[in-house]
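**Q**
Numbering (the numbering used here), first residue to last: 285 to 485.
(1) Please list the segments of the alpha helix (DSSP H) lying wholly inside the stretch 292–345, counting only runs of 4 or more residues, in order along the chain.
(2) Taking the straight line between their C-alpha atoms, what separation do you get for residue 369 and residue 321?
(3) Between the C-alpha atoms of residue 487 and residue 467, what's the straight-line distance to the nearest angstrom?
(4) Give the single residue among 410, 317, 353 whose Cα lies nearest to the Cα of residue 287.
(5) At a Cβ threshold of 7 Å, is residue 331 touching chain D?
(6) Here's the rule I'm using: 16 or more other beta-carbon atoms within 10 Å means buried, otherwise exposed. How should residue 461 be labelled?
(7) Among the candidates 482, 304, 413, 295, whose CA atom is the shortest distance from the CA of residue 389?
(8) With contact counted as at least three CB pairs below 8 Å, one residue from each stretch, are the stretch 372–386 and the stretch 334–344 in contact?
(9) Among 298, 289, 326, which residue has its Cα nearest to the Cα of residue 451?
(10) Would you mind working out which of 365, 441, 359 sits nearest residue 471, comparing C-alpha positions?
(11) For residue 413, which of helix, strand or coil comes out of DSSP?
(12) Does the distance from the CB of residue 331 to the CB of residue 346 come in under 7 Å?
(13) Could you work out which residue in 334, 464, 292, 305 is closest to residue 326 when comparing CA atoms only?
(14) Among 317, 318, 313, 290, which one has its Cα closest to the Cα of residue 307?
(15) What's the gap between the Cα of residue 392 and the Cα of residue 444?
(16) Please give me, in chain order, every unbroken run of the alpha helix (DSSP H) with length at least 4 that falls completely inside the stretch 364–390.
(17) Per DSSP, which one or two residues make a beta bridge with residue 290?
(18) For residue 453 and residue 398, what's the separation of their Cα atoms in angstroms?
(19) Which value, in whole angstroms, describes the spacing of the CA atoms of residue 318 and residue 473?
(20) Using 10 angstroms around the beta-carbon of residue 415, count the other beta-carbons present and answer buried if the total reaches 16, otherwise exposed.
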């Protein structure tokens, strides 16, 4: 099992990033909560990782802190929740927000996430209630790098739409989510963050 990776960030296009670890490029899928913390390209980062082994692929998931990885590992133990849906949940809500939804039996907030229907939301609340760690354990100062983010050289709004589609949103819905967001000075990650916050209101 690969517990963590420390290396140079050479590529990022949510939900994918590539980390150069001593000349080996590791392709990693990460939630948006991790992308918000990423430094500029060519900066060193550390990611806590989880390897999913399937018959047709080995997929590496990366997280900026241990609590997010722990929550991901707990989510994929829930019946009907695979790694992709767990990544979507972590991208759409912070660990604290998800904890609140479970504690308050808030199925309405959960079903706003793509791929989460009413039955899945109810199952999450039932199965996660006793599995979630204390809220205090979900806060970590272990970040992936500096807070400096790189600005996209291409169209950040289109990149945001593509990223939202990768997270499970339909193309038309993703376009609507970002269409009224001002691009001025914003990175792809900034636009995605604002779009996701708007979708959960």
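C-beta: ideal position from N, C-alpha, C; glycine also.
These numbers come from a predicted model, not from an experiment.
**A** If we stick to the structure as given:
(1) 316–319
(2) Locating residue 369 in the chain shown gives position 85, counting from the first residue. Locating residue 321 in the chain shown gives position 37, counting from the first residue. Each residue's Cα considered, the two are about 21 Å apart.
(3) Past the edges of the chain, shown from 285 to 485, lies residue 487, and the structure says nothing about it.
(4) The sequence position of residue 287 within the chain shown is 3, counting from 1. Measuring from the Cα of residue 287, the nearest candidate turns out to be 353.
(5) Absent from the structure is chain D; it holds one protein chain and no more.
(6) Stepping through the chain shown from its first residue, residue 461 is reached at position 177. It is buried - the Cβ of residue 461 has at least 16 other Cβ atoms within 10 Å.
(7) Here residue 389 refers to the residue found at position 105 of the chain shown. Minimum Cα distance to residue 389 is reached at 413.
(8) no
(9) The sequence position of residue 451 within the chain shown is 167, counting from 1. With distances taken between Cα atoms, residue 451 lies closest to 298.
(10) In the chain shown, counting from the first residue as 1, residue 471 sits at position 187. Of the candidates 365, 441, 359, the one whose C-alpha sits nearest the C-alpha of residue 471 is 441.
(11) Your numbering for residue 413 matches position 129 in the chain shown. Reduced to three states, the DSSP call for residue 413 is coil.
(12) On the chain shown, position 47 is the one that residue 331 refers to. On the chain shown, position 62 is the one that residue 346 refers to. Yes, these two residues count as a Cβ contact at 7 Å.
(13) Locating residue 326 in the chain shown gives position 42, counting from the first residue. The shortest Cα separation from residue 326 among 334, 464, 292, 305 belongs to 292.
(14) Along the chain shown, one-based indexing puts residue 307 at 23. Among 317, 318, 313, 290, the Cα nearest to that of residue 307 belongs to 290.
(15) For the purposes of this step, residue 392 is taken as the residue at position 108 of the chain shown. For the purposes of this step, residue 444 is taken as the residue at position 160 of the chain shown. So the two alpha carbons sit approximately 25 Å from each other.
(16) 367–376, 379–387
(17) Position 6 of the chain shown holds residue 290. 330.
(18) The count along the chain shown starts at 1 and reaches residue 453 at position 169. The count along the chain shown starts at 1 and reaches residue 398 at position 114. If I take the Cα positions, the gap works out to 6 Å.
(19) As a working note, residue 318 is residue 34 in the chain shown. As a working note, residue 473 is residue 189 in the chain shown. Cα to Cα, the separation comes out at about 10 Å.
(20) Position 131 of the chain shown holds residue 415. It is exposed - the Cβ of residue 415 has fewer than 16 other Cβ atoms within 10 Å.
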